[in-house]
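Novice:
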Amino acid sequence: MKRYLEYLIEWIIKGCGFISAFIVLMIVLFLFKEGISFLNSSPLEKNYGLFVSVNNPVRKLTDLQIKNIFDKKITNWSQLGWRNDSIRTIDINNIESIFTKEQLGTNYEYLSICINHYIDSIPGTLAFFSERLLSISSGTKEIEVDKISLWSFLSGEEWFPTAKPASIMGTLPLLLGTLIVSFFAILFALPLGLAASIYLAEIADERIRKILKPIIELLSGIPSVVYGFFGLVVIVPFLQRVFHLAVGETALAGSILLAIMALPTIITVSEDAIRTCPRAMKEASLALGASHWQTIWKVILPYASSGITAASILGIGRAIGETMAVLMVTGNAATIPHGLLQPVRTIPATIAAELGEAPYGGLHFKSLFALACMLFLITMLTNIIAERISAKRKLS
Amino acid sequence: MLAFPKNIDQIKMRNQRIMFWIARGISYSIIAILILILFFILKRGIGVINWEFFSTMPKEGMTKGGILPAIIGTLYLVAGSMIIAFPIGMLSGIYVNEYAREGQVKRFIKLMTNNLAGVPSIVFGLFGMALFVNQLNFGASILAGSLTLALLALPLIIRTTEESLKAVDNTFRHASYALGASKLYTIRKVVVPIAFPNIITGLILGIGRVSGETAPILFTVAAYFLPRLPNSVFDQCMALPYHLYVISTSGTDIETSRPIAYGTAVVLIAIVLFVNLLANFLRNYFSRKVKMK
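Protein chains in written order, with the numbering used here: chain A, 751 to 1146; chain B, 301 to 593.
Shown next, in the form of structure tokens:
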């Protein structure tokens, strides 16, 4: 009896051993199930279509063209490769200014007739209606809309997931925003963190180190929302004043804040890397007449370089995934960034800000899951690269 | 003016002095900046803190009153997530250090644990929403939030358990085997009790981490404003970090709710401070105990 119990417990322990692998698998499954399913679907609302006259030679429109048409930026069919004729858009919002209630019927039962008639009489019409309400007559055809492809998702330059009638999902501005903020954060943090880790590992006395180390560890535990709050009340107004900006919420604010947040991690990891340098190596260098600094610069740092690289890659991974602090200070404008003093929007901030208002299961909702997939892949990649680099060090 | 150096040794030493001062200067300024941040928030927030702040509901669009529901909510979430994550994480750590043989499987598990630790917190939030809130139909609830936070704390607990078991000297294990004890009995009665104070450090650090996380609870549990205490695990609740986020960015009146925001930030910092001190204390206690044996 007791033996069986022991077997059982050991099996439970064994099962728990694989829990993290199991969770990673589940995350991949759930994220990708939602995130991939929206590729290859139409950017239009479900069951809606765009209708034109059969005489219209335009067969296909892209999501951006549709947005520009309904925003009145494209007003003439000649811009889309037809004759010189102005585009008349008609949808549920302006239908009642064209037809009376009696013509449409109380439940829109004559809508099809009205629209078909309207398209016949004015060839430049572009009608946007639900396919359920509209049965197409011989004079009308439906325009094809470019499906959302992986390429258009990754390289699209505009992000308007809530645009009507076609949502526009290009993640390039978000991706660039994320990269620019994280890159400059590491650029600020790495030299400072490296200097501090050299100081802690090689220069400081044991007494001072014992005081400084716990403080640094403590600071890595402060919640990101507290850092974000600090950025909001100090860094943002400061930048606004110094650079005379209309708004202080910029990529630079995000970079500075992320740099501050990344410092404790970078210091700890690179200090560990510096400490792995064998004593014999240091002493050999000192015995050859090199000063302590020359030894640090020419012997210890090259030896620790792979560990330091791993630390900075891990730091970038963290910075890319950081949500709350960045959400609070970067201004969240989904445009392609042209400089550090502009508002940007990062991928995690987009998810955090938009998921609450995206209808469950809709296109927008799924596109946010696709963003999460991207984020997951990026951080997974940085983790594996960092792991590889430090594994190489152990081998040599 | 610097004296002209006579020989290469002097140049060498002068360079060293300069570089050391630079490194020292940078280190001290980093520490100074970080401490200034804490001090800045503490100075402005400490005045708000009194008993009323802890014990009353938010009032007048969260510009007045206390943060009681947020504190209670965070307590529930911390307790819930640790009840789930600590036993599983501990068993997982025991498996990795005591049972798994060196090789592919162990490497794979470690890689996966590292990956899990690197997953951004917002991705956990999304996953929690997809699995717990929607698929398993828990709704936005304390249960869903605790489960999501548990996933986040898991790698931390696994790693600390593993490290603390590794620190237990093999002679203890061999002595126990020599007395005829089985492997499980040895783990239960010898290895884990010795390592336990250090394993608890993982739990405590986990509490610190979980109580400050915002992104995972955004869509799984957090309520924007809920002026009552939750009455079941299927209820939504407020939480300290989310409360700070809300009142500092999208509250009804951001400027007048600033004092409350500072106060909330102070509470969050205090939790982290306390948790770290406790963990440090336990770590020292542990190393002394091991030396004694």
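Note that the Cβ used here is the ideal one computed from N, Cα and C, for glycine as well.
1) Kindly list the residues whose CB is nearer than 8 angstroms to the CB of L1064(A), restricted to its own chain and excluding five residues on each side of it in sequence; keep chain order.
2) Taking Cβ-Cβ distances shorter than 7 angstroms, what residues in chain B pair up with L942(A)?
3) Report yes if the CB atom of P516(B) is closer than 7 angstroms to the CB atom of L447(B), and no otherwise.
4) Buried or exposed for N531(B), please, with buried defined as at least 16 other CB atoms from any protein chain shown within 10 angstroms of its CB.
5) Are the Cβ atoms of T520(B) and A444(B) separated by less than 7 angstroms?
6) Answer with buried or exposed for K593(B), where buried requires no fewer than 16 other C-beta atoms within 10 angstroms of its C-beta.
7) In terms of residues, what are the limits of the beta strand (DSSP E) holding I840(A)?
8) Taking DSSP's pairing of strands, which residues face N826(A) in a bridge?
9) Is K312(B) close to chain A, meaning its C-beta is less than 7 angstroms from at least one C-beta of that chain?
10) Are at least three pairs of beta-carbons, each pair with one atom in the stretch 555 to 564 of chain B and one in the stretch 475 to 489 of chain B, less than 8 angstroms apart?
11) Taking P1052(A) as the query, report the chain B residues whose CB atoms sit under 8 angstroms from its CB, ordered along the chain.
12) According to DSSP, is M592(B) helix, strand or coil?
13) Leaving aside the five residues before and after M301(B) along the sequence, list all residues of the same chain whose C-beta is less than 7 angstroms from its C-beta, in chain order.
14) Under the DSSP definition of a beta bridge, which residues are partnered with L876(A)?
15) Run through the DSSP bridge pairs and tell me what C537(B) is partnered with.
16) For I916(A), which residues does DSSP report across the bridge?
17) Is DSSP giving I948(A) helix, strand or coil here?
18) Under a CB-based cut-off of 7 angstroms, is T461(B) close to chain A?
19) Sorted by chain position, which residues of the same chain lie with C-beta nearer than 6 angstroms to A1060(A)'s C-beta, five sequence neighbours on each side aside?
20) Any contact of the stretch 921 to 939 of chain A with the stretch 1002 to 1016 of chain A, i.e. 3+ C-beta pairs under 8 angstroms?
21) Three-state secondary structure (DSSP) at K891(A)?
22) Roughly how many angstroms separate the alpha carbons of W909(A) and R833(A), rounded to a whole number?
23) Identify whether L419(B) lies in helix, strand or coil by the three-state DSSP scheme.
24) Residues in the same chain with beta-carbon distance under 8 angstroms from K1116(A), minus the five sequence neighbours each way, listed in chain order, please.
25) Would the beta-carbon of I985(A) fall within 7 angstroms of that of A1023(A)?
26) Let me make sure I understand the geometry here. Which of L436(B), K312(B), N350(B) and L505(B) has the alpha-carbon closest to that of S970(A)?
27) In chain A, what lies closer than 7 angstroms to I569(B) by C-beta?
28) Work out the CA separation of A1075(A) and G1004(A) for me, nearest whole Å.
29) Kindly list, in the order they appear in chain B, the residues whose Cβ is closer than 7 angstroms to that of A1102(A).
30) Does the stretch 415 to 428 of chain B come within contact of the stretch 771 to 783 of chain A, defined as at least 3 CB pairs closer than 8 angstroms?
31) Which residues does DSSP pair with V405(B) in a beta bridge?
32) Spatial neighbours of F438(B) within its chain, please: C-beta separation below 6 angstroms, excluding the five flanking residues on both sides.
33) Buried or exposed, going by whether 16 or more other CB atoms sit within 10 Å of the CB of N806(A)?
34) How long is the line joining the alpha carbons of P541(B) and F496(B), rounded to whole angstroms?
35) For I762(A), which residues in chain B fall below 7 angstroms Cβ to Cβ?
36) Check M301(B) in the structure and name its three-state DSSP category.
Specialist: In short, the structure shows the following:
1) Excluding positions up to five away in sequence, the list reads T1015, V1019, T1132, N1133 and A1136.
2) The answer, in chain order, is I326 and I330.
3) The answer is no: Cβ separation not under 7 angstroms.
4) Counting C-beta atoms within 10 angstroms of its own C-beta, N531(B) has fewer than 16 neighbours from the protein chains shown and is therefore classed as exposed.
5) Less than 7 angstroms divides the Cβ of T520(B) from the Cβ of A444(B).
6) Caution is warranted here: a pLDDT of 49 is assigned to K593(B), below 50, making its placement in the model unreliable, and the coordinate value is therefore given only provisionally. Exposed, by the Cβ-count rule.
7) R838 to D841 is the span of the beta strand (DSSP E), which, as asked, contains I840(A).
8) Beta-bridge pairing by DSSP links N826(A) to S836(A).
9) Answer yes: the Cβ-Cβ gap between K312(B) and chain A drops below 7 angstroms somewhere.
10) Between the stretch 555 to 564 of chain B and the stretch 475 to 489 of chain B there are fewer than three inter-stretch CB-CB distances shorter than 8 angstroms, so the stretches are not counted as touching.
11) Those within 8 angstroms of P1052(A) in chain B number zero; the least Cβ separation is about 16 angstroms.
12) Unreliable placement is indicated for M592(B), whose pLDDT of 48 sits below 50; the coordinate value is still reported in the next sentence. It is helical.
13) Unreliable positioning characterises M301(B) in this predicted model, as indicated by a pLDDT of 47, which lies under 50. A coordinate reading is not provided.
14) Beta-bridge analysis with DSSP links L876(A) to T839(A).
15) Per DSSP, A522(B).
16) Reading off the sequence, residue 916(A) comes out as Ala, not Ile. Beta-bridge pairing links A916(A) to L794(A).
17) For I948(A), the secondary structure class from DSSP, reduced to helix, strand or coil, is helix.
18) No, its Cβ sits nowhere closer than 7 angstroms to a Cβ of chain A.
19) For A1060(A), where only same-chain residues beyond five positions count, the Cβ hits under 6 angstroms are A1136, I1139 and S1140.
20) The stretch 921 to 939 of chain A makes contact with the stretch 1002 to 1016 of chain A; the number of CB pairs closer than 8 angstroms reaches 3 or more.
21) The answer is strand: DSSP assigns K891(A) an E or B state.
22) In this model, W909(A) and R833(A) are separated by some 31 angstroms (Cα to Cα).
23) Here the sequence assigns Val to residue 419(B), which means Leu is not the residue at that position. In this structure, V419(B) counts as coil in the three-state DSSP scheme.
24) Closer than 8 angstroms at Cβ, skipping near neighbours: E784, G785, S787 and F788.
25) Against a cut-off of 7 angstroms, the Cβ pair of A1023(A) and I985(A) comes out as no contact.
26) Taking only the C-alpha atoms, the option nearest S970(A) is L505(B).
27) Within chain A, the residues near I569(B) are I972 and V976.
28) Approximately 8 angstroms, taken between the alpha carbons.
29) Within chain B, the residues near A1102(A) are I422, A515 and L518.
30) With a cut-off of 8 angstroms, the stretch 771 to 783 of chain A and the stretch 415 to 428 of chain B count as touching, because enough Cβ pairs lie within range.
31) V405(B) pairs with nothing; no bridge assigned.
32) These residues qualify, in order along the chain: F432 and A444.
33) Per the 10 Å Cβ criterion, buried.
34) Straight-line Cα distance between these residues: approximately 30 angstroms.
35) Below the 7 angstroms Cβ cutoff, chain B contributes L391 as neighbours of I762(A), in chain order.
36) Because the pLDDT at M301(B) is just 47, under 50, the model does not fix this residue reliably, and the value given afterwards should be weighed accordingly. In the three-state reduction of the DSSP assignment, M301(B) falls in the coil class, being assigned neither a helical nor a strand state.
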